[in-house]
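Take 4 as the starting number for the sequence shown in our numbering and just add one per residue.
Where a beta carbon is used, it is the ideal one built from N, C-alpha and C, also for glycine.
Written below as structure tokens is the structure these notes are about.
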Amino acid sequence: MKLNFKNTIKVLFLAIAVFAQAKCSSSSDTVDPPPVVPPVVVPPVVVTNDVDFWLTKGNQSVLLAKQTGTLGFGTTTNTYTNIEVNAAQKYQTVDGFGYTLTGGSADVINQLNASKKSALLQELFGTGENSIGISYLRISIGASDLNAAPFTYNDLTAGATDLTLAKFSLDKDRAGVIALLKEILAINPKILILATPWSAPLWMKDKDSFIGGRLQTQYYDVYAKYFVKYIQQMKAEGITIDAITPQNEPLHDGNNPSMYMSALEQTNFIKNNLGPAFKAAGITTKIIAYDHNCDNPNYPKAILADADAFPYVDGSAFHLYAGDISALSNVYNSYPTKNVYFTEQWTSSAGEFAGDLKWHVRNVIIGSMRNYSKNALEWNLANNGAFEPHTAGGCN
């Protein structure tokens with residue numbers, strides 16, 4: 004309550020004068036009683052619903068159900084955990100949340116009848132009350148291990164090369180991922196797409212196998228042009244690639260498909276080939292480094308430490324099959340002008356719903372956001388009841 008200082012002094016003097024007069028007067032003297040000050044009435048606080056919210060319980064008794072209760076911000080003490088919202092303190096902007104749309108995902112979804120498929124896509128990608136509004140997708144450049152078989156967009160017979168990429172073709176993905184992406188974009192044209200290769204074409208590798216091997220240095224330039232051609236041809240299909248990573252899990256060479264790429268190799272590829280190729284072609288697609296586990300933050304830091312690679316790199320991407328989610332902050336704090344992303348985390352076929360829900364919310368959703376990530380992506384969007392399709396030796 005704000006007091007008027009002058010009025011307060013006047014009241015004080017008046018009270019003293021009355022008191023003094025009362026002391027000197029006879030018992031027959033009367034004094035007017037002080038005026039009655041009405042109590043201050045504080046109007047009740049009207050709590051409005053500041054946020055619409057949905058509830059999922061670990062025992063699955065409630066699954067993504069919109070709640071009718073009130074969730075409002077206020078100052079009243081209660082027994083719940085405090086959520087302090089400080090509008091003056093700003094962190095990273097967030098690009099979106101989503102999944103990896105693998106070739107296997109596309110196959111499974113495309114097998115649904117038209118009405119079920121339409122309903123599913125609306126539920127996943129729509130923005131209505133009964134939709135979850137996926138806003139970010141990761142896709143593979145060529146096959147991932149969750150395709151029925153490995154392939155790239157420039158597969159040749161043994162011993163052949165194609166330095167001009169004349170035989171480059173998206174055909175193996177047209178009926179699957181590309182067709183489905185067009186339907187998704189019709190629902191949400193603003194969805195962001197990150198693209199990642201699991202392997203370069205075999206003729207570019209030092210090993211004639213989809214599993215492991217390295218990119219030969221004499222093919223660094225043509226492989227950079229492979230990315231350029233991919234982005235340009237996807238654009239011609241009406242699909243904008245917002246970002247790429249040079250290699251999925253570059254330190255894991257046992258998957259099918261896969262390819263090993265050290266931090267030094269990725270640095271050299273970005274600064275000498277990929278970055279300049281994008282610049283020459285006028286491509287603004289972001290280049291995001293690393294795309295592997297949180298146990299090795301020194302990998303992206305080594306790339307960002309290179310003065311020639313630094314200008315071409317938007318940031319670095321992470322998975323959490325090893326390490327701690329705080330690795331994102333580790334890298335961000337070292338290079339605060341570069342972004343960090345969280346791009347993959349699976350749930351096991353033998354997992355337990357309540358435990359998985361708690362772990363993923365804590366680490367992937369909240370954990371990534373509290374460590375400066377611009378997105379949070381789970382792994383495979385869809386598979387069949389047998390956890391298929393996948394390559395021989397791929398994620399099952």
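Extent of the continuous alpha helix (DSSP H) to which residue i belongs
i: residue 321; result: Note, residue 321: premise wrong, no alpha helix (DSSP H); beta strand (DSSP E) at 316–326.
i: residue 270; result: 266–272
i: residue 143; result: It is not in any alpha helix (DSSP H) - residue 143 instead sits in the beta strand (DSSP E) that spans 139–144.
i: residue 123; result: 117–128
i: residue 359; result: 356–363
i: residue 279; result: 278–284
i: residue 306; result: 301–307
i: residue 334; result: 330–337
Residue i, buried or exposed, once every other Cβ within 10 Å from all chains shown has been counted against 16
i: residue 380; result: buried
i: residue 355; result: exposed
i: residue 66; result: exposed
i: residue 58; result: exposed
i: residue 393; result: buried
i: residue 336; result: exposed
i: residue 132; result: exposed
i: residue 250; result: buried
i: residue 324; result: exposed
i: residue 128; result: buried
i: residue 440; result: Coverage of the chain is limited to positions 4 through 399, which leaves residue 440 absent and any answer about it impossible.
i: residue 293; result: buried
i: residue 112; result: buried
i: residue 371; result: buried
i: residue 347; result: buried
i: residue 43; result: exposed
i: residue 70; result: exposed
i: residue 252; result: buried
i: residue 54; result: exposed
i: residue 189; result: exposed
i: residue 81; result: exposed
i: residue 367; result: buried
i: residue 341; result: buried
i: residue 141; result: buried
i: residue 267; result: exposed
i: residue 208; result: buried
i: residue 248; result: buried
Residue range of the beta strand (DSSP E) that includes residue i
i: residue 93; result: From DSSP, residue 93 is part of no beta strand (DSSP E); its letter is neither H nor E.
i: residue 382; result: 376–383
i: residue 293; result: 289–297
Residues bridged to residue i [DSSP beta-bridge criterion]
i: residue 343; result: 319 and 376
i: residue 102; result: 140
i: residue 246; result: 197 and 289
i: residue 57; result: 69
i: residue 263; result: 217
Which listed residue (the options) has its alpha carbon closest to that of residue i
i: residue 89; options: 101, 76, 97 and 176; result: 76
i: residue 378; options: 359, 392, 351 and 322; result: 322
i: residue 94; options: 382, 388 and 373; result: 373
i: residue 287; options: 263, 315, 208 and 309; result: 315
i: residue 231; options: 125, 245, 260 and 221; result: 245
i: residue 174; options: 157, 188 and 190; result: 157
i: residue 180; options: 189, 206, 137 and 110; result: 110
i: residue 136; options: 191, 86, 263 and 396; result: 191
i: residue 283; options: 38, 62, 235 and 53; result: 235
i: residue 259; options: 36, 140 and 146; result: 146
i: residue 399; options: 353, 139 and 159; result: 353
i: residue 329; options: 313, 310, 350 and 300; result: 300
i: residue 387; options: 302, 357, 226 and 151; result: 151
i: residue 273; options: 240, 263 and 312; result: 312
i: residue 97; options: 305, 194, 122 and 68; result: 194
i: residue 369; options: 186, 178 and 345; result: 345
CB contact check: residue i to chain C, cutoff 8 Å
i: residue 299; result: No chain C is present in this structure, which holds just one protein chain.
Inset, instruction - Could you name each continuous alpha helix (DSSP H) segment of 4 residues or more that falls completely within the segment 148–232, going from the start of the chain to the end? - result: Correct list: 182–190.
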